[in-house]
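Down below is the structure, laid out as structure tokens.
Residue numbers (the UniProt record's numbering): 1 to 149.
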């Protein structure tokens, strides 16, 4: 199967035909893109979710969030020069990822699980669990390099 095919030998859609790559910041974007690089992909679309508050001030000013998104996209493009970009503004990060996957017609969501102990994951809502259980498309958990631990 090569990166430009839209279907596999069984007539189904190629899992990595169009990968949605959620990224948090420049460092995460580069590490995530490098983790995806060894795999044959078709299109790659980087996604940055700007978390919005509901009835409370946003976590970061919009200008700062948009700059963070631009830096993240630039980092992904050092590995995937033709990568698309998608910025979402939402309170629920997982739901924003699912919506972006549908809007972009992604064949899969690929992400690097973030670090942190079980307590940190519990308190943050453990996005990995939500991605693995509720995603509308296949989810690919990319390996973490030893230096990322």
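The beta carbon of each residue, even a glycine, is placed where N, CA and C say it ideally should be.
Per DSSP, the bridge partner or partners of residue i
{"i": "residue 20", "result": "45, 109"}
{"i": "residue 85", "result": "46"}
{"i": "residue 135", "result": "Answer by DSSP bridge pairing: none, since residue 135 is not bridged."}
{"i": "residue 90", "result": "51"}
Euclidean distance between Cα positions of residue i and residue j
{"i": "residue 75", "j": "residue 139", "result": "22 Å"}
{"i": "residue 154", "j": "residue 137", "result": "Here the chain has residues from 1 to 149 only, and residue 154 is not among them."}
{"i": "residue 20", "j": "residue 39", "result": "14 Å"}
{"i": "residue 46", "j": "residue 142", "result": "15 Å"}
{"i": "residue 72", "j": "residue 98", "result": "19 Å"}
{"i": "residue 6", "j": "residue 77", "result": "Any reading at residue 6 must be qualified, since the residue scores a pLDDT of 48, below 50, and its modelled position is unreliable; the value itself is stated next. Near 22 Å, if we compare the C-alpha coordinates of residue 77 and residue 6."}
{"i": "residue 42", "j": "residue 15", "result": "9 Å"}
Reference residue i; option with closest CA among the options
{"i": "residue 24", "options": "44, 93, 36, 18", "result": "93"}
{"i": "residue 90", "options": "108, 62, 38", "result": "62"}
DSSP state of residue i mapped onto helix, strand, coil
{"i": "residue 73", "result": "helix"}
{"i": "residue 140", "result": "strand"}
Whole-number beta carbon distance between residue j and residue i, since they are thought to touch under 8 Å
{"i": "residue 104", "j": "residue 18", "result": "7 Å"}
{"i": "residue 127", "j": "residue 109", "result": "Contact flag wrong, Cβ pair sits at about 11 Å."}
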